[in-house]
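S.K.: The structure under discussion is supplied below as structure tokens; questions concerning it will follow.
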Amino acid sequence: MFVDEATIEVKGGEGGDGSVAFRREKYMPHGGPSGGDGGDGGHVILKVHPHVKTLLDFSRHRHYKGERGRHGEGGRRKGNDGASVTLNVPIGTQVFDAATGALLTDLLVPGQTFIAAQGGIGGRGNTRFVSSARQAPRFSEKGSHGEERTLKLTLKVLADVALIGLPNAGKSTLIAAISAARPKIADYPFTTLVPNLGAVRLDTETQFIVADIPGLIRGAHRGAGLGHQFLKHIERAPVFIHLLDATQAQGEHGGTMLWRNFMSLNRELKLWKDELLERPQLVAINKLDAISADEAALQEITHLKQRLQARGCEVFEISAATSEGLQPLLWRVWELVKEARESLEHEEVPPPVEVTRVSVDKPFVIKEIARYADGMSEWEVEGGSLQRLVERFDMENYEAVLHLHRLLERQGVLNQLKETGVRHGDLVHVGKVAFAFEE
Ligand SMILES: Nc1nc2c(ncn2[C@@H]2O[C@H](COP(=O)(O)OP(=O)(O)OP(=O)(O)O)[C@@H](O)[C@H]2O)c(=O)[nH]1
Ligand SMILES: [Mg+2]
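So this is what it looks like as structure tokens:
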């Protein structure tokens, strides 16, 4: 299977800082606060584009960043939001977090989007910190950082058509006859152990991808003969060609045996997933060249063909070895592929994956990190949301520190510090900030 891969670094734009400003009015030396909010940073967004076929562009350019939000200004002017960057990816792109290996999303439908990195949130201007007790706040909030991560993109090239059949039916021979694929072909079952892909080109506008899947045996849906693995590959193709081996029609009741084989393979598909039976499935009776002189076998085949047609199957008689009968089969396949592609294009675009903005509900953990001879201790408060909160205020600004103090009190951090044993004068670290605890 062709696998295309790329690793990219994505970063949301920084949020703009809130502004500290005051109105200047005639005859009034100190007007009210008027600092506007900062704008939000732009995201990095992945979007499925049907015309993009590979991940090649991403191996040339690896870093993508949303635009930063503008800072707020006086006169309550909000800074502009930063522009988002949209990256077009092919249908079938899987997105993994490179650090954890976790699958973040599967992008399958044209137009589908995924926010790869959230932009930071704009900080609030000083206007927003006015309260009855504080008429003229001299501080504002900084914008928050944009999300930053490394993503691994992988694309499995999806086949339009899967060749299915029992081992030795001639699947590999067929793909070699119709495409540039050169899989191993041999006169024993289980020659093919991994699927092979080949591009079939009937004319310049008529191209599709065929997958030669290893043979399925009875019990495949339970995993027999690596069945699960192969059924998963089959599952991804919208059209099937079911190959039958005409040489098995030689000998008594040969046609009946072929019929049973056909039914039994379909049962395996059904037991794996019901819906597989609803996919268009063309039957190709292969190796006709090998029985052309065997009247009895030919009769068995004629009978088999009638039985299949009575069941609503479209049947083609071919020889993969001599390429006889392949053209009608391939053109019919093309019609079905076209229909499948069109219906895919009309599928509804699922709503974009909702990504929640920075959450504040994460619990925090208080750890003692040092204890000194004089009885004083040093502590660390861990918790992503708390760190982010602290980073958004200027610790040199007395008013901002007071405001933060009240926030920490409201969130129960101060109480919990006391309960954990933090005492007056102890040093407490939150992210990059440290302060002496005062009761
Ligand atoms: N005479 C004749 N022999 C064929 C034809 N197609 C395939 N064969 C032979 O059938 C045998 C099996 O062919 P493969 O193409 O390896 O079969 P397969 O379905 O890929 O088999 P697995 O990979 O084992 O599932 C080989 O010996 C081929 O040469 C055909 O049209 N005519
Ligand atoms: Mg094979």
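Each residue of the sequence shown is one higher than the one before, counting from 476 in the numbering used here. No residue lacks a Cβ here, since even glycine has one placed at the ideal position from N, Cα and C. Note that the structure is a prediction, hence the values are computed from the model and not measured.
1. Anyone know if the C-beta pair for residue 695 and residue 636 falls short of 8 angstroms?
2. Check whether the region 856 to 865 touches the region 898 to 913, counting contact only when three or more Cβ pairs, one atom from each stretch, lie closer than 8 angstroms.
3. Quick one: Cα of residue 790 to Cα of residue 570, how far?
4. Can the beta-carbon of residue 616 be found closer than 8 angstroms to that of residue 594?
5. Taking the CB atoms as reference points, tell me whether residue 519 and residue 541 lie closer together than 8 angstroms.
6. Comparing the CB of residue 764 with every heavy atom of ligand 1, is any distance shorter than 7 angstroms?
7. Would you list the residues sitting across from residue 481 in a DSSP beta bridge?
8. Would you say residue 582 and residue 602 are within 8 angstroms of each other, going by their C-beta atoms?
9. Using 10 angstroms around the beta-carbon of residue 651, count the other beta-carbons present and answer buried if the total reaches 16, otherwise exposed.
10. Mapping the DSSP letters down to three states, classify residue 846 as helix, strand or coil.
11. Taking 7 angstroms as the line, does the beta carbon of residue 464 fall inside it for any heavy atom of ligand 1?
12. Roughly how many whole angstroms lie between the Cα atoms of residue 785 and residue 630?
13. Quick check on the DSSP output: what are the complete alpha helix (DSSP H) runs of length 4 or more inside the region 528 to 612, in order along the chain?
14. Just to confirm, does residue 662 get its C-beta within under 7 angstroms of one of the non-hydrogen atoms of ligand 1?
15. Please list, in chain order, all residues of the same chain as residue 846 whose beta carbon is under 7 angstroms from its beta carbon, the five residues on each side excluded.
16. Rounded to the nearest angstrom, how far is the Cβ of residue 688 from that of residue 639, given a contact under 8 angstroms?
17. Distance, Cα to Cα, residue 573 vs residue 539?
18. So for residue 452, helix, strand or coil by DSSP?
19. Please classify residue 730: does DSSP put it in a helix, a strand, or coil?
20. Under 7 angstroms from any heavy atom of ligand 1, does the C-beta of residue 761 make it?
21. Scan the region 627 to 701 and note each continuous alpha helix (DSSP H) run of 4 residues or more that stays entirely inside, going in chain order.
22. Buried or exposed: where does residue 698 fall if 16 or more other Cβ atoms within 10 Å of its Cβ makes it buried?
23. Hey, quick one: how far does the alpha helix (DSSP H) through residue 793 stretch, first residue to last?
24. Could you tell me the distance, in whole angstroms, from the CA atom of residue 747 to the CA atom of residue 715?
25. In whole angstroms, what is the alpha-carbon distance linking residue 552 and residue 558?
26. Identify the continuous alpha helix (DSSP H) that holds residue 776 and give its terminal residues.
27. Can you tell me whether residue 686 is buried or exposed, with buried defined as 16 or more other CB within 10 angstroms of its CB?
28. May I ask you to report which of helix, strand or coil DSSP gives residue 764?
29. Residue range of the beta strand (DSSP E) that residue 894 falls in?
30. Quick one: give me the first and last residue of the beta strand (DSSP E) that residue 717 is part of.
31. So, for residue 831: in the same chain, excluding its five sequence neighbours on each side, which residues have a beta-carbon less than 7 angstroms away from its beta-carbon?
32. Please tell me whether, using a cut-off of 7 angstroms, the distance from the CB of residue 654 to the nearest non-hydrogen atom of ligand 2 is below it.
33. Which residues mark the beginning and the end of the beta strand (DSSP E) in which residue 904 is found?
34. By Cβ distance below 6 angstroms, which residues in the same chain neighbour residue 757 in space, the five residues on each side in sequence not counted?
M.R.: By the coordinates alone:
1. Contact: no.
2. Flag = yes, the region 856 to 865 and the region 898 to 913 touch.
3. The alpha-carbon of residue 790 is positioned some 40 angstroms away from that of residue 570.
4. For the 8 angstroms CB-CB criterion, residue 616 and residue 594 do not form a contact.
5. Result yes, Cβ atoms of residue 519 and residue 541 sit closer than 8 angstroms.
6. Checking every heavy atom of ligand 1 against the Cβ of residue 764, one is found closer than 7 angstroms.
7. According to DSSP, residue 481 bridges with 628.
8. Their beta carbons are not under 8 angstroms apart, which means residue 582 does not touch residue 602 by this criterion.
9. With 16 or more other Cβ atoms within 10 Å, it is buried.
10. Three-state result, residue 846: strand.
11. There is no way to answer for residue 464, as the model of the chain reaches only from 476 to 914.
12. Approximately 41 angstroms, taken between the alpha carbons.
13. Those alpha helix (DSSP H) runs which fall completely within the region 528 to 612 and span 4+ residues are 531 to 535.
14. Under cutoff, so the answer is yes.
15. In the same chain as residue 846, and ignoring 5 residues on each side of it, the C-beta atoms closer than 7 angstroms to its own belong to 852, in chain order.
16. Between residue 688 and residue 639 a beta carbon distance of about 6 angstroms is seen, short of the 8 angstroms cut, so the two are scored as contacting.
17. Whole-angstrom Cα-Cα distance: 15 angstroms.
18. In the structure as shown, the chain starts at 476 and stops at 914, and residue 452 therefore has no counterpart that could be examined.
19. In the three-state scheme derived from DSSP, where H, G and I count as helix and E and B as strand, residue 730 is classed as helix.
20. Checking every heavy atom of ligand 1 against the Cβ of residue 761, one is found closer than 7 angstroms.
21. Runs of the alpha helix (DSSP H) inside the region 627 to 701: 646 to 653.
22. By the neighbour-count rule (16 or more Cβ atoms within 10 Å), residue 698 is not buried but exposed.
23. From DSSP, residue 793 is part of no alpha helix (DSSP H); its letter is neither H nor E.
24. The straight-line gap from Cα to Cα measures roughly 15 angstroms.
25. One C-alpha to the other measures close to 18 angstroms.
26. Start and end: 770 to 785.
27. By the neighbour-count rule (16 or more Cβ atoms within 10 Å), residue 686 is buried.
28. In the three-state reduction of the DSSP assignment, residue 764 falls in the helix class, which pools H, G and I.
29. DSSP places residue 894 in no beta strand (DSSP E) but in the uninterrupted alpha helix (DSSP H) bounded by 888 to 895.
30. Residues 714 to 720.
31. Any reading at residue 831 must be qualified, since the residue scores a pLDDT of 40, below 50, and its modelled position is unreliable; no value is offered.
32. Ligand 2 never approaches residue 654 closely enough for any of its heavy atoms to be under 7 angstroms from the residue's Cβ.
33. Residues 902 to 905.
34. For residue 757, the CB contacts under 6 angstroms within the same chain, skipping 5 residues up- and downstream, are 716, 789 in chain order.
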